[in-house]
Amino acid sequence: MIFQIRFFLLQNRQGKTRLSKWYVPPPTGISTSSPLSPSNGNQILSANYSANQTEAEKARIEAEVHRLVTSRDKKYTNFIEYNSYKLIYRRYAGLFFTIAVDVQDNELSYLESIHLFVELLDSYFANVCELDIVFNFNKVYMILDEYMLAGEIEETSKREILERVATLEKLD
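For the sequence shown, the working numbering begins at 288 and goes up steadily by one.
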């Protein structure tokens with residue numbers, strides 16, 4: 288059985304999404320026979336419409352996830368069942384790291400995955416803060432891509448990931 292991450296979000300307390308990586312497209316819930324959808328004759332218009340719908344749905348889900356995570360009382364667990372998947376989140380300072388996974392996945396392993404990602408950022412930026420993420424978002428995505436690929440955790444060695452990132456930086 289392959290466990291897949293649906294999406295990975297990094298949001299601040301105000302609801303601003305600082306990192307958003309979607310591995311599985313969100314469910315749109317709109318049929319192709321909708322009166323708002325373009326005609327079948329124009330494929331380019333249809334693709335743009337679909338992309339706009341997907342982006343709007345992502346923004347809606349991100350806002351809803353932020354609302355759920357920030358309003359949750361600290362006495363509860365860091366796991367929330369949401370739609371057809373489970374949200375696992377962890378707060379570090381003013382940032383919320385959230386992973387959406389299948390309902391049957393192991394919550395604790397993903398909680399550790401979040402912690403390892405934070406350790407990677409902390410090692411790379413030497414005491415990471417939100418501004419490091421904002422101004423170096425391309426490096427943050429590069430670290431995330433070395434850690435998680437196509438919704439699966441690829442490497443768990445902090446040393447190995449940071450060495451790969453250093454190698455990639457030398458190529459630039």
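C-beta: ideal position from N, C-alpha, C; glycine also.
Original post:
By the 10 Å Cβ neighbour count, where 16 or more other Cβ atoms means buried, how is TYR428 classified, buried or exposed?
Top reply: In the sequence shown, residue 428 corresponds to position 141, counting from 1. By the beta-carbon neighbour count (other beta carbons within 10 angstroms, threshold 16), TYR428 is exposed.
**OP:** Could you say if the stretch 407-417 and the stretch 371-378 meet the contact criterion of at least three C-beta pairs nearer than 8 Å?
**Re:** The stretch 407-417 vs the stretch 371-378: no contact.
Original post:
Which term fits ASN365, buried or exposed, when burial requires 16 or more other beta carbons within 10 angstroms of its beta carbon?
Top reply: Sequence index remark: in the sequence shown, residue 365 carries index 78 (1-based). By the Cβ neighbour-count rule, ASN365 is buried, with 16 or more other Cβ atoms within 10 Å of its own.
Subject >> Alpha-carbon spacing of SER444 relative to TYR411, whole angstroms >> reply: Counting from one through the sequence shown, the residue named residue 444 turns up at place 157. Counting from one through the sequence shown, the residue named residue 411 turns up at place 124. Spanning the two alpha carbons is a distance of roughly 14 Å.
Subject >> Reference LYS426; option with closest CA among GLN298, ARG305, ILE292, ARG293 >> reply: Within the sequence shown, residue 426 is the residue found at index 139, counting from 1. Relative to LYS426, the option among GLN298, ARG305, ILE292, ARG293 whose CA is nearest is ARG305.
**OP:** State the CB to CB distance for the pair PHE294 and MET435, rounded to an integer number of angstroms; the pair is presumed to be in contact (CB under 8 Å).
**Re:** The residue given as residue 294 occupies position 7 in the sequence shown. The residue given as residue 435 occupies position 148 in the sequence shown. In fact, because the Cβ distance is near 11 Å, the residues do not count as touching under 8 Å.
**OP:** Check whether the Cβ atoms of ILE430 and ILE448 lie closer than 8 Å to each other.
**Re:** Here residue 430 refers to the residue found at position 143 when the sequence shown is read from its first residue. Here residue 448 refers to the residue found at position 161 when the sequence shown is read from its first residue. It is a contact, given that the beta carbons lie within the stated cut-off.
Original post:
Tell me which same chain residues have a C-beta within less than 6 Å of the C-beta of SER307, skipping the five on either side of it?
Top reply: On the sequence shown, position 20 is the one that residue 307 refers to. Only LEU296 meet the Cβ criterion.
Original post:
Roughly how many angstroms separate the alpha carbons of LEU398 and PHE383, rounded to a whole number?
Top reply: Reading the sequence shown from its first residue, position 111 is the one you call residue 398. Reading the sequence shown from its first residue, position 96 is the one you call residue 383. Each residue's alpha carbon lies about 12 Å from the other.
**OP:** Please report the Cβ distance between GLU439 and VAL452, rounded to the nearest whole angstrom; I am assuming they are in contact, meaning their Cβ atoms lie under 8 Å.
**Re:** For the purposes of this step, residue 439 is taken as residue 152 along the sequence shown, with counting starting at 1. For the purposes of this step, residue 452 is taken as residue 165 along the sequence shown, with counting starting at 1. Between VAL452 and GLU439 the Cβ distance is about 19 Å, and since that is not below 8 Å, they are no contact.
Original post:
What do you reckon, are the CB atoms on ILE367 and ARG359 nearer than 8 Å?
Top reply: One-based indexing of the sequence shown puts residue 367 at position 80. One-based indexing of the sequence shown puts residue 359 at position 72. A contact, by the Cβ cut-off of 8 Å.
Original post:
Under three-state DSSP, which class holds VAL311?
Top reply: Here residue 311 corresponds to residue number 24 of the sequence shown, with the count starting at 1. Residue state, collapsed to three classes: coil.
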